[in-house]
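Asker:
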DNA sequence: ACCTGAACACCGTTCAAGT
DNA sequence: ACCTGAACACCGTTCAAGT
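Residue numbers (our numbering), protein chains in the order written: chain A, 1 to 208; chain B, 1 to 208.
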C-alpha cells in the first residue's frame, strides 16, 4: 500500500490537543494558579495540577524540575500582579508623600485580598532561586524604591542609599500583611483595618 | 489454678517502657522539636516523629488530633523560648528607650538563630487555635507591650492604647525576621545585619 | 520531542484488635 | 486506657516505553 501524501506538518500538529503544541507549560501554570486560589497552598498538589491540565502525572516534569519550581511560577505571577497594582499607583500624579502611603496601602490590600498567592510567594516551599521569580520580585520592589528616591529628591526623605529606607519600609508592610493573613494581630487584640494600620505606621516610620 | 497475688499496680506500670507512663505526649513533643531543627519544617513528618519516639504510627493520635496540633505544640515551645529571651531583657535595669531597642534586637536575633521554629510558629500548617499556643504567643507579645507601656508612663512614647504602637512594632520586627530568614532582603540587595536594621528602624518608627 | 503507564518510596489518618 | 497492625487514599518523583 502506497503511503498517503503527508498533510502539512503544522496542520497535523494543530489537530492535536492544545496542550501538545508546546504550551503545556502555560496550561500547567494556569491550572496551578487556579488551584492555589481554590484550595490554598496546603491543598496544592502536582498531581491535581496535572489532572486539571488533562495530562499524566509525569508530564509536568518535562516543564518543571519539581513542585518547588511550579510554585515559583505561581509566585512569579503573583509578583507580576503585585507589580501591576503598585505601578498603577506610582503612575498617578499625586503628592509624593501620599504616593508612598498609597503604595503601602495598596501592597497590604493586595496581600490580604490574595492571601494564597501571598503565602506561596513568601513560603518556604517554592524554589527561591528561580530566575523569573527573582526578577519579578525585584521589579515589584523597585516600584517602592522609585517612590522613595523621588521623595529623597524632593527632600521629603533623608539622602543616602534608598535601600536603607526601603528595607524597613518593605519589612513593615510585609509584617502587617503576613500577621494579618495569619490572624496573629487579631489574636493579640489588634483589630485595626490593615490598610489604616499601614498608613499610620508608614507615616511614623518615614515622615515623623 | 489459683491466681497469683497481684504485684502492686504502680510497680507493674513502672516496669513498662518509659513512654507508656503517660508521658508519650511529652516524648513526642520532644522528638518533634528535635526533628524540626534537624530537617526543617518541610522534612517534618508525623511518622518520623513516631519512629523516633519508638511507637507505632498510630500512637500519636492518642495525644494529638492531627499533625497541625503537634506542630502547634512545637510552636508553643518556640513562643516559650522567645518569651524567656525577651523577659530576660525586660528584667535588666536599663534606659527605657534602650530596653525597647534591645527587645527588638533580641526578637530578631532569636528568629534568625531559630529559623525552623520561627517558620513553624508563623507558618500555615499548624493549628492556630490551639489554646496553649495562643497563651504562649500572647505572653511573648505582652513583653513587648509592657515595655511600651513603661515608655508611655515616662512620656517617651505618646499616650493611648499601647496596642496601637505595639502592632506596628511587632509587624516591623516580624517583617525583618521573616524577610531575613527567607533571604528576600538579600535578593534585593539589602545585606545589613538584621539586628542593626531592627534597631535603626525601631528608632525611626518610635523615637523619631 | 513530548507524553504515558506503571512503579517506588513515601505520606496522614483510621480502626479493629490486642494488652 | 493506651498502643499496635494493617489498611486506605493519597503524595512527589522516576523511568522505560510509546508515538
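Note that CB positions come from ideal geometry on N, CA and C, so glycine has one too.
Going straight from the alpha carbon of residue 104 (chain A) to that of residue 125 (chain A), what length do you get?
Answerer: So the alpha carbons of these two residues sit roughly 26 Å apart.
Asker: For the putative contact between residue 171 (chain B) and residue 179 (chain A), defined by C-beta atoms under 8 Å, what is the C-beta separation to the nearest angstrom?
Answerer: About 6 Å separates the two Cβ atoms, so the contact holds.
Asker: May I ask you to report which of helix, strand or coil DSSP gives residue 57 (chain B)?
Answerer: Three-state DSSP puts residue 57 (chain B) in coil, outside helix and strand.
Asker: Do you know how far the Cα of residue 35 (chain B) is from the Cα of residue 141 (chain B)?
Answerer: Those two C-alpha atoms are separated by around 26 Å.
Asker: Just to confirm, is the Cβ distance from residue 50 (chain A) to residue 60 (chain A) under 8 Å?
Answerer: Yes, the pair counts as a contact, with Cβ atoms nearer than the cut-off.
Asker: If we count the other Cβ atoms within 10 Å of its Cβ and call it buried at 16 or more, is residue 169 (chain B) buried or exposed?
Answerer: Classification of residue 169 (chain B): buried, given that the 10 Å Cβ count is 16 or more.
Asker: Okay, do the segment 111–125 of chain B and the segment 68–86 of chain B touch, 3+ Cβ pairs below 8 Å being the bar?
Answerer: Touching, yes, given that three or more Cβ pairs across the two stretches are closer than 8 Å.
Asker: My output table needs one value for residue 92 (chain A): the three-state DSSP class, helix, strand or coil.
Answerer: Reduced to three states, the DSSP call for residue 92 (chain A) is coil.
Asker: For residue 64 (chain B), name the three-state secondary structure that DSSP assigns.
Answerer: It is coil, neither helix nor strand.
Asker: With DSSP run on the structure shown, which of helix, strand or coil describes residue 130 (chain B)?
Answerer: It is coil, neither helix nor strand.
Asker: Among A:133, A:55 and A:44, which has the Cα closest to the Cα of residue 83 (chain A)?
Answerer: Out of A:133, A:55 and A:44, A:133 has the C-alpha closest to the C-alpha of residue 83 (chain A).
Asker: If you measure beta-carbon to beta-carbon, which residues of the segment 172–192 of chain A are closer than 8 Å to chain B?
Answerer: Hits within the stretch, in order: 172, 173, 174, 175, 176, 178, 179, 182, 183, 184, 185, 187, 188, 189, 190 and 192.
Asker: So that I know if they touch, is there some Cβ in chain A lying closer than 8 Å to that of residue 141 (chain B)?
Answerer: Yes, contact with chain A.
Asker: What are the residues in the segment 29–45 of chain A lying within 7 Å of chain B by C-beta distance?
Answerer: Within the segment 29–45 of chain A, the qualifying residues are 41 and 42.
Asker: Taking DSSP as the reference, what is the three-state secondary structure of residue 174 (chain B)?
Answerer: Reduced to three states, the DSSP call for residue 174 (chain B) is helix.
Asker: How about residue 197 (chain B): is its C-beta nearer than 8 Å to some C-beta of chain A?
Answerer: For residue 197 (chain B), the answer is yes, since a Cβ of chain A falls inside 8 Å of its Cβ.
Asker: Secondary structure at residue 209 (chain A), three-state DSSP: helix, strand or coil?
Answerer: The structure shown has nothing for residue 209 (chain A), since chain A only spans 1 to 208.
Asker: Hey, how far is the Cα of residue 193 (chain A) from the Cα of residue 86 (chain B)?
Answerer: Residue 193 (chain A) and residue 86 (chain B): Cα-Cα distance of roughly 28 Å.
Asker: What first and last residue would you give for the alpha helix (DSSP H) that runs through residue 184 (chain A)?
Answerer: Where residue 184 (chain A) is concerned, the enclosing alpha helix (DSSP H) stretches over 184–187.
Asker: What does a CB cutoff of less than 7 Å around residue 52 (chain B) pick up in its chain, not counting 5 residues either side in sequence?
Answerer: Correct list, in chain order: 31 and 35.
Asker: Can you pull the chain B neighbours of residue 138 (chain A), defined as C-beta to C-beta under 8 Å?
Answerer: Within 8 Å Cβ-Cβ: 187 and 188.
Asker: Do you know whose CA, among A:107, A:129 and A:153, lies nearest residue 70 (chain A)'s CA?
Answerer: Out of A:107, A:129 and A:153, A:129 has the C-alpha closest to the C-alpha of residue 70 (chain A).
Asker: Excluding the five sequence neighbours on either side, which residues of its own chain have a C-beta within less than 6 Å of the C-beta of residue 202 (chain A), listed in chain order?
Answerer: Correct list, in chain order: 101 and 104.
Asker: Where do the N-terminal and C-terminal ends of the alpha helix (DSSP H) with residue 196 (chain A) fall, by residue?
Answerer: 194–207 is the span of the alpha helix (DSSP H), which, as asked, contains residue 196 (chain A).
Asker: Could you tell me how far apart the beta carbons of residue 206 (chain A) and residue 157 (chain A) are, in whole angstroms, since I believe they sit closer than 8 Å?
Answerer: About 6 Å; that satisfies the 8 Å criterion.
Asker: Closest by CA to residue 89 (chain A), which one among A:106, A:162 and A:79?
Answerer: The shortest Cα separation from residue 89 (chain A) among A:106, A:162 and A:79 belongs to A:106.
Asker: Please report the distance separating the alpha-carbon of residue 94 (chain B) from that of residue 150 (chain B).
Answerer: Near 12 Å, if we compare the C-alpha coordinates of residue 150 (chain B) and residue 94 (chain B).
Asker: By Cβ distance, which residues of its chain are closer than 7 Å to residue 96 (chain A), with the 5 residues on each side in sequence left out?
Answerer: Excluding residues within five positions, the ones whose Cβ falls inside 7 Å are 150, 151, 154 and 156.
Asker: Are any of the Cβ atoms in chain A nearer than 8 Å to that of residue 128 (chain B)?
Answerer: With 8 Å as the cut-off, residue 128 (chain B) counts as an interface residue toward chain A.
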